[in-house]
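The structure under discussion appears below in the form of structure tokens.
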Amino acid sequence: MTTGSIAPGGSVLFVDDERSVRLAGQQALELAGFDVTACDGAERALRHLGRDWPGALVTDVRMPQIDGLELMERALALDPELPVILITGHGDVPMAVEAMRRGAYDFLEKPFPSDRLVEVTRRAVEKRRLVLENRRLRDQLAGLPAGEVSPIVGRTPGIERLRGAIAAVADTDADVLVLGETGTGKEMVARALHAGSNRRKHPFVALNCGAMPEAIFESELFGHEAGAFTGAGKRRVGRIEHASGGTLFLDEIESMPLSLQVKLLRVIQERVVEPLGSNELIPVDLRVVAATKVDLRKAASEGKFREDLYYRLNVVVVTIPPLRDRRDDIPLLFQHFVVQAAARYNREPRAPSPAQVQRLAAHDWPGNVRELRNAADRFVLGLDDTLSAVGGTAPAMAAGRSGLSLAEQVDLFEKSLIESELARCKGSVKAAIEALNIPRKTFYDKLKRYGLSREDFVE
């Protein structure tokens, strides 16, 4: 069995016992950029196939010993999602139609033009690429520890600065304040800080202060002893104590009651916690990452947040840019979320149309990355009217919220298409040029114009 990455044009296994047909098919596919392995029989072809084989199988039906139908059955037994294209004679069409019901991807009736072979094969190889990517991501997500998130996706200056800030402070014990609007991914940043630290093997404990009822807030955060209050039948370990050795993430910290902020200040300063109903101070070894969507300095000046806690938290600050300030990342982020959603919903990921990409790039995204992820989910589920409705029509967006001129929108759209194609082709210039159907010199001119480098897309 041969495994590996997909060639720039895609990998193809071409099987035919007639030498002239085999050579003609191989030549046509290789001229189209495919990596072709030609075989004169099914036995030899089966040695190449397996669950991870990155390509499409094209096989003649009429062959001695093992015919194309049996080869298809054996191939699909190895991987039911392997695309198989059958080459049939004129009288075999009803049989080929039945074979498609049993799992064949498509069939070609002899005689067929070479461009038809190339077209069908390209679609099959693209489907295979998406299947393998979907499978890889599904396996990756299944293997991640609970709560672990995807890497921070994007190439704009703002997101590069964010990654740099995380890298600079992750492997330290410094407490961090994360600033960002709703939906920008503050918990994702907190988890990235935890994953990059020497605390990564210990708990990451998250608490949303805005979602916690005040009546149970103190007990939930600090813990309590048995009998500390009515209903406290046994000792409870609070979130702070549970996070010892790891990271405590306090989201929407501006919502924490003022009466508890002074107790949190003591925890941060002295690294001890005192459960309700206890006179014992319990040492804790933790890192505190707090997040807020408001101006804490202003909240402190208005008496809504303790000033001493603000200054204690405001030492290392990491700021997440809103999505509207990193529009160039939107197509790449959307593609990333589509692949994730396809894995969750067991659907085949697909690409948005150019018009849909334009709508995505021009929308203001008040809900930020969370809103974009939801749009990707609906897109994968087939609710395509979602993208049609995002931000209204393209002309309305251009004149309204986006504030971009027509030329700027065209440049943004063109740049996003080039980025998406380079990402899909894993940095292969040859494959990207063929997919975009533009001259090599024009392609390189556009890379220079938009500040892109193929090396950034090579895995």
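Using the UniProt record's numbering, the first residue of the sequence shown is number 1, and each one after it goes up by one. Using N, Cα and C, we set each Cβ at its ideal position, and we do this for glycine too. This structure is a prediction, so every number in the text was calculated from the model and none was measured.
{"Check": "Where P145 falls, given that 16 or more other Cβ within 10 Å makes a residue buried", "Outcome": "The predicted position of P145 is uncertain, since its pLDDT is 45 and thus under 50; a value taken from the coordinates is nonetheless stated next. P145 comes out exposed."}
{"Check": "Beta-carbon spacing of E214, P257 below 7 Å", "Outcome": "yes"}
{"Check": "Any alpha helix (DSSP H) of 4 or more consecutive residues that is wholly inside the segment 284 to 341", "Outcome": "296 to 301, 307 to 313"}
{"Check": "Local Cβ density within 10 Å of F229, reported as buried at 16 or more and exposed below that", "Outcome": "exposed"}
{"Check": "V84 vs V318 beta-carbon contact at 7 Å", "Outcome": "no"}
{"Check": "For H242, the three-state DSSP class (helix, strand or coil)", "Outcome": "helix"}
{"Check": "Segment limits, beta strand (DSSP E) that includes L381", "Outcome": "Taken as a continuous stretch (DSSP letters only), L381 belongs to no beta strand (DSSP E), as it is neither H nor E."}
{"Check": "Touch test, the segment 319 to 326 against the segment 263 to 279, Cβ-Cβ under 8 Å, three pairs minimum", "Outcome": "no"}
{"Check": "Separation of L132 from E348, as counted between CA atoms", "Outcome": "10 Å"}
{"Check": "Within 7 Å, strictly: CB atoms of L248 and L309", "Outcome": "no"}
{"Check": "DSSP-derived helix/strand/coil call for C425", "Outcome": "coil"}
{"Check": "Other residues of its chain near A192: CB distance less than 6 Å, five sequence neighbours each side excluded", "Outcome": "I166"}
{"Check": "V176, DSSP secondary structure in three states", "Outcome": "strand"}
{"Check": "Reference G41; option with closest CA among D17, L260, V316", "Outcome": "D17"}
{"Check": "Presumed contact (8 Å Cβ cut-off) between F334 and A376, rounded CB distance", "Outcome": "6 Å"}
{"Check": "Exposure of T182, with buried meaning 16 or more beta-carbon neighbours within 10 Å", "Outcome": "exposed"}
{"Check": "Delimiting residues of the alpha helix (DSSP H) encompassing I159", "Outcome": "157 to 169"}
{"Check": "Whole-angstrom distance between P366 and K237, CA atom to CA atom", "Outcome": "Strictly speaking, residue 237 in this sequence is Val, with Lys absent from that position. Taking the straight line joining both Cα atoms gives about 38 Å."}
{"Check": "Local conformation of V153 per DSSP, three classes", "Outcome": "coil"}
{"Check": "C-alpha distance - L13 paired with L436, whole-angstrom precision", "Outcome": "25 Å"}
{"Check": "Start-to-end residues for the beta strand (DSSP E) that takes in L250", "Outcome": "247 to 251"}
{"Check": "C-beta atoms of A361 and R327 nearer than 7 Å", "Outcome": "yes"}
{"Check": "Per DSSP, cross-strand counterpart(s) of H224", "Outcome": "R236, L276"}
{"Check": "Three-pair Cβ contact test at 8 Å for the segment 71 to 90 versus the segment 100 to 118", "Outcome": "yes"}
{"Check": "CB contact flag (D364, T156, <7 Å)", "Outcome": "no"}
{"Check": "Touching by the beta-carbon criterion (3+ pairs, under 8 Å), the segment 18 to 32 and the segment 67 to 76", "Outcome": "no"}
{"Check": "Pairwise C-alpha distance: A343 and G223", "Outcome": "38 Å"}
{"Check": "Reference G210, options V189, L250, G246, closest by Cα", "Outcome": "L250"}
{"Check": "Residue from G50, G451, V15, L383 with nearest C-alpha to R44", "Outcome": "V15"}
{"Check": "Reduced DSSP category for E73 - H, G, I as helix; E, B as strand; rest coil", "Outcome": "helix"}
{"Check": "Segment limits, alpha helix (DSSP H) that includes V262", "Outcome": "258 to 270"}
{"Check": "Endpoints, the alpha helix (DSSP H) within which V189 is located", "Outcome": "186 to 195"}
{"Check": "Environment of P331 [buried if 16+ CB atoms lie within 10 Å]", "Outcome": "buried"}
{"Check": "Cβ shell of F337 (< 6 Å), same chain only, five flanking positions each side left out", "Outcome": "R373, A376"}
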